[in-house]
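Under the numbering used here, the residues of the first sequence are numbered 13 to 580, in order. Note that beta-carbon positions come from the ideal geometry of N, C-alpha and C, so glycine has one too.
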Amino acid sequence: MRMSKLLMPTLREVPAEAEIASHRLMLRAGLIRKLAAGVYSYLPLGLRTLRKVQDIIREEMDRAGAQELLMSALLPAEAYQASGRWEVFGQSMFRLKDRGERDFCLGPTHEELFTQCVIDNVKSYKEYPMTLYQIQTKYRDEARPRFGIIRSREFVMKDAYSFDLDEKGLDISYQKMYEAYNRIFKRLGLDFTVVDADSGAMGGSGSQEFMVKSPVGEDGIAYCEKCGYAANYEKCECIPTAVDAPEEEKEREKIHTPDAHTIDELVQSLGMKPENFAKTIIYRADDKYIAAMVRGDRDVNEVKLKNLIGCVDDLELAEPDAVREITNAKVGFAGPIGLGIPVYADKEVAMMKNFIIGANESDMHYKNVNIDRDFTPDVVADIRVVVTGDACPVCGEPIKSEQGIEVGHIFKLGTKYSDSLGLKYLDENGKQQTVIMGCYGIGVTRCVAAAIEQLHDDDGIIWPVSIAPYEVLVIPANYKNDEQVAAAEKLYQELKDRGIDALIDDRAERAGVKFKDADLIGIPVRLVVGKKCGEGIIEYKERSAKEAIETSIADAADKAEEFIKKNK
RNA sequence: CGGGAUGUGGCUCAGUUUGGUAGAGCACUACGUUCGGGACGUAGGGGCCGCAGGUUCAAAUCCUGUCAUCCCGACCA
13 MRMSKLLMPT LREVPAEAEI ASHRLMLRAG LIRKLAAGVY SYLPLGLRTL
63 RKVQDIIREE MDRAGAQELL MSALLPAEAY QASGRWEVFG QSMFRLKDRG
113 ERDFCLGPTH EELFTQCVID NVKSYKEYPM TLYQIQTKYR DEARPRFGII
163 RSREFVMKDA YSFDLDEKGL DISYQKMYEA YNRIFKRLGL DFTVVDADSG
213 AMGGSGSQEF MVKSPVGEDG IAYCEKCGYA ANYEKCECIP TAVDAPEEEK
263 EREKIHTPDA HTIDELVQSL GMKPENFAKT IIYRADDKYI AAMVRGDRDV
313 NEVKLKNLIG CVDDLELAEP DAVREITNAK VGFAGPIGLG IPVYADKEVA
363 MMKNFIIGAN ESDMHYKNVN IDRDFTPDVV ADIRVVVTGD ACPVCGEPIK
413 SEQGIEVGHI FKLGTKYSDS LGLKYLDENG KQQTVIMGCY GIGVTRCVAA
463 AIEQLHDDDG IIWPVSIAPY EVLVIPANYK NDEQVAAAEK LYQELKDRGI
513 DALIDDRAER AGVKFKDADL IGIPVRLVVG KKCGEGIIEY KERSAKEAIE
563 TSIADAADKA EEFIKKNK
């Protein structure tokens, strides 16, 4: 491609709307343009990269035995009504009506459609196992789109669904996808981690996320350097630790604690440490109320709590009025003694001695409280959020933490959709069985942003060869020098003849402008035909390298090709 | 959905406090000089000052409403 003909509107200045590196660079390098919040157009360079990502995904999915198909993005309401998700999705679904006032939506995800497709078209158990996938545009009306392409309202996703006759089959299908995903992200040049993830209230034994480590990531990763354990923060199991040296149980005492309704204020007024307190937090789970207890220095993990109580829909902090009614006190003085709702205590609370709790009476707390003697929780379980330094649940070493961008998720769905939609089969004994499903997603557009987030410097993008819009960029340094231009054109032609994605900067621009743009758009190899052209010498530079090296014109194409092949 | 901020030419922003009829840099067009890390000079083109009301002799500027965008949080199959 000739740059003089390429729609590549690079920006010298940073658009005010962009906060993070990938967003800034995608705008500056002319990859995308915004149409509305969370809605972007892909310009030629951006599209080429997006396509290359898709091609890699396609190759690896096909290699793993999955079949590609394509569902509509425009879907009738009925598709989601049987599974109940027409309601569940609520505001985050783009809804519309056709001219006959029938309800439609723009598909946010396609579990139901794939399940229905199999129901309609697969007639015999002999056709299983089967894995289907598509690369498709999804629509979600995010409450808050952000970070450019990382969290947008229209995005490209690869979603795959496996259909198996039994659990053992699902394990095999899942494993194949696990391996395919590892190959895909490696080929995309991403530095990623696989973490255990939450599988939601609907159960399911396996769920793993592929995370690209990045400070701008929206998910927390807890990991262990020693044994390699890694989990989503929400999922990470917590090993309870006792803080107090063993001591005698003391007499329980009611104490006056005026206006001390936070742990901080209690610590101030009583001169104790946060870990001497147990906080009791009132939640509304769907339409009933429950209490959760964790140590004063811990936080409740709402995902764990939600899974534990089997709360399907909504788990939220109780409204202040409800708290006052339940505890007979101002907000901030809740405690388990005499509380009329179920109490879920964290394992660590069960290990505490002589601790302090709210007394369900305004401005009053109890001290020297002991579990079982003074109250008995209905359930004791792991319901807290992991913190850095906690013991690794596998080997006990201190846990570390990092932020990550979720680029892939593989998940054993089980029979959620096959049950609700009726995907069954007759086995060889004529007995009716339910098909078992898995689902596997990759945020394709998000991968592009994640790659840039991880691979850039102050000057611009540093594309890995596999997804670079072009592989080699040829620059005649002085466009008025006929010798340089002719040599550059010849080199460009040779690269193209070798099947390399080559780009030539044939614009009537000064060298400085061309170099700046070259760095910004991040083409992996740059060949500059300049002053030493007459001696048969040009400059070879890899975008990731600091320095350029001189090479003969004769060798340049070989050198470039070798690098491309090696890193593709 | 709660909190905060911002809307002025394609981009970055000044002008708003103290109303007086719109400006800079970059980009664009033409010519000349320059020519290996975003050149310089001269001359140009381009703006319903987000939108709608209101106050006023006069509104980018003050008031009311509304829309949009960004940031923090909540939410996130």
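Apart from the five residues on each side of it in sequence, which residues of its chain come closer than 8 Å, Cβ to Cβ, to A49? Within the first sequence, numbered from 1, the residue matching residue 49 stands at position 37. Closer than 8 Å at Cβ, skipping near neighbours: P157 and R165.
Nearest CA to the CA of G542: which residue from S556, K528, R63 and T563? Your numbering for residue 542 matches position 530 in the first sequence. The shortest C-alpha separation from G542 is found at T563.
Where E230 and I417 are concerned, what is the direct C-alpha to C-alpha distance, given to the nearest angstrom? What you label residue 230 is simply residue 218 of the first sequence in a count that begins at 1. What you label residue 417 is simply residue 405 of the first sequence in a count that begins at 1. Roughly 6 Å separates the two Cα atoms.
If you measure from the CB of N372, is any heavy atom of the ligand MN nearer than 8 Å? You won't find the ligand MN in this model; it holds no ligand whatsoever.
At what residue ranges does the region 284-324 contain a whole run of the beta strand (DSSP E), taking only runs of 3 or more? Here the runs fully enclosed are 290-297 and 300-307.
Are the Cβ atoms of E249 and D394 separated by less than 9 Å? Locating residue 249 in the first sequence gives position 237, counting from the first residue. Locating residue 394 in the first sequence gives position 382, counting from the first residue. A distance below 9 Å separates the beta carbons of E249 and D394.
DSSP state of N133 mapped onto helix, strand, coil: Position 121 of the first sequence, counting from 1, holds the residue named residue 133. DSSP places N133 within a helical segment (H, G or I) once states are collapsed to three.
Comparing alpha-carbon positions, which option in K502, H468, E554 and V497 lies nearest L202? Counting from one through the first sequence, the residue named residue 202 turns up at place 190. Of the candidates K502, H468, E554 and V497, H468 places its Cα closest to the Cα of L202.
Whole angstroms is fine: what's the gap from M376's alpha carbon to M284's? As a position in the first sequence, residue 376 is number 364, starting the count at 1. As a position in the first sequence, residue 284 is number 272, starting the count at 1. Computed Cα separation, rounded: 16 Å.
Whose C-beta lies closer than 7 Å to the C-beta of F575 among residues of the same chain, with five residues either side of it excluded? Sequence index remark: in the first sequence, residue 575 carries index 563 (1-based). Excluding sequence neighbours, F575 sits near V537 and E554.
Unbroken beta strand (DSSP E) runs of length 3 or more, entirely within the region 413-487: which are they? Counting only runs of 3 or more, we get 436-438, 444-446 and 448-455.
Have a look at V255, H273 and D208 and flag the residue whose alpha-carbon is nearest the alpha-carbon of L241. In the first sequence, residue 241 corresponds to position 229, counting from 1. One point to set straight first is that residue 241 is Tyr, not Leu, in the sequence displayed. Comparing Cα positions, the closest option is D208.
Can you tell me whether D74 is buried or exposed, with buried defined as 16 or more other CB within 10 angstroms of its CB? Stepping through the first sequence from its first residue, residue 74 is reached at position 62. Note on D74: under 16 other CB atoms within 10 angstroms of its CB, so exposed under the neighbour-count rule.
Do A514 and L485 have their CB atoms nearer than 9 Å? Along the first sequence, read from residue 1 onward, the residue named residue 514 stands at position 502. Along the first sequence, read from residue 1 onward, the residue named residue 485 stands at position 473. For A514 and L485, yes; Cβs fall inside 9 Å.
Helix, strand or coil for A213? Go by DSSP, reduced to three states. Numbered from its first residue, the first sequence carries residue 213 at position 201. In this prediction, A213 scores a pLDDT of 45, lower than 50, which makes its location untrustworthy; the coordinate-derived value is nonetheless stated afterwards. The answer is coil: DSSP assigns A213 none of H, G, I, E or B.
Out of curiosity, what's the CA-to-CA distance linking V51 and Q148? Start at 1 with the first residue of the first sequence, and residue 51 comes out as number 39. Start at 1 with the first residue of the first sequence, and residue 148 comes out as number 136. Separation of V51 and Q148 (C-alpha to C-alpha, rounded to the nearest whole angstrom) is 15 Å.
Whole-angstrom Cβ separation of R396 and V306, contact assumed at under 8 Å? For the purposes of this step, residue 396 is taken as the residue at position 384 of the first sequence. For the purposes of this step, residue 306 is taken as the residue at position 294 of the first sequence. Going by Cβ atoms, the distance from R396 to V306 rounds to 5 Å, so yes, they are a contact pair.
For K571 and N579, the rounded distance between their alpha carbons: The count along the first sequence starts at 1 and reaches residue 579 at position 567. The count along the first sequence starts at 1 and reaches residue 571 at position 559. Roughly 12 Å between the two C-alpha positions.
Within the region 483-556, ranges of the alpha helix (DSSP H) (whole runs, at least 4 residues): If we require 4 residues or more, the alpha helix (DSSP H) runs fully inside the region 483-556 come out as 494-509 and 523-533.
Excluding sequence positions up to five away, which residues of its chain have a Cβ less than 6 Å from the Cβ of V315? Residue numbering aside, residue 315 sits at position 303 when the first sequence is read from its first letter. D210 and E246.
Name the residue from I383, I516 and M38 whose alpha carbon lies nearest to the alpha carbon of V355. Within the first sequence, numbered from 1, the residue matching residue 355 stands at position 343. Checking every option, the nearest Cα to that of V355 belongs to I383.
Three-state secondary structure assigned by DSSP to M105: Numbered from 1 along the first sequence, position 93 holds the residue referred to as residue 105. DSSP places M105 in coil when its eight states are reduced to three.
From the DSSP output, in three-state form, read off E154 for me. Walking along the first sequence from the start, residue 154 turns up at place 142. DSSP places E154 outside both helix and strand once states are collapsed to three, so it counts as coil.
Give me the Cα-Cα distance between A566 and P476, rounded to the nearest whole angstrom. Against the first sequence, residue 566 aligns to sequence position 554. Against the first sequence, residue 476 aligns to sequence position 464. C-alpha separation (whole angstroms): 25 Å.
Exposure label - A280; buried when at least 16 CB within 10 Å: For this step, residue 280 is matched to residue 268 along the first sequence. Residue identity differs from the one stated: residue 280 is Gln in this sequence, not Ala. Exposed, by the Cβ-count rule.
Which term fits S16, buried or exposed, when burial requires 16 or more other beta carbons within 10 angstroms of its beta carbon? To locate residue 16, count along the first sequence from 1; it is residue 4. Classification of S16: exposed, given that the 10 Å Cβ count is below 16.
Is it right to say I561 is buried, meaning 16 or more other beta carbons lie within 10 angstroms of its own, or is it exposed? For this step, residue 561 is matched to residue 549 along the first sequence. Burial call: exposed.
For the beta strand (DSSP E) that M376 lies in, which residues bound it at each end? Numbered from 1 along the first sequence, position 364 holds the residue referred to as residue 376. Element bounds for M376: M376 to V381.
Could you check the C-alpha separation between K443 and Y137 for me, to the nearest Å? As a position in the first sequence, residue 443 is number 431, starting the count at 1. As a position in the first sequence, residue 137 is number 125, starting the count at 1. Going from the Cα of K443 to the Cα of Y137 covers about 11 Å.
State the start and end residues of the unbroken beta strand (DSSP E) segment that holds V391. What you label residue 391 is simply residue 379 of the first sequence in a count that begins at 1. In this chain, the beta strand (DSSP E) harbouring V391 covers V391 to A393.
Among G534, Y173, I369 and K318, which has the Cα closest to the Cα of T583? Outside the shown range of the chain (13 to 580) lies residue 583, about which nothing can therefore be said.
Just list the beta strand (DSSP E) runs in the region 155-182, keeping only unbroken ones of 3 residues or longer that don't cross its boundaries, in chain order. You should have 166-176.
So the alpha helix (DSSP H) R111 belongs to, where does it begin and stop? Here residue 111 is taken as the residue at index 99 of the first sequence, counted from 1. For R111, no alpha helix (DSSP H) run applies, since DSSP gives it neither H nor E.
Which residues bound the alpha helix (DSSP H) around M73? For this step, residue 73 is matched to residue 61 along the first sequence. For M73, the enclosing alpha helix (DSSP H) has its first and last residue at P56 to R75.
To the nearest angstrom, report how far apart T457 and G426 are at their CA atoms. By 1-based counting over the first sequence, the position of residue 457 is 445. By 1-based counting over the first sequence, the position of residue 426 is 414. Cα-Cα distance, rounded: 28 Å.
T9 classed as buried or exposed, judged by whether at least 16 other C-beta atoms fall within 10 angstroms: Given a span of 13 to 580 for the chain in the structure shown, any question on residue 9 remains unanswerable.
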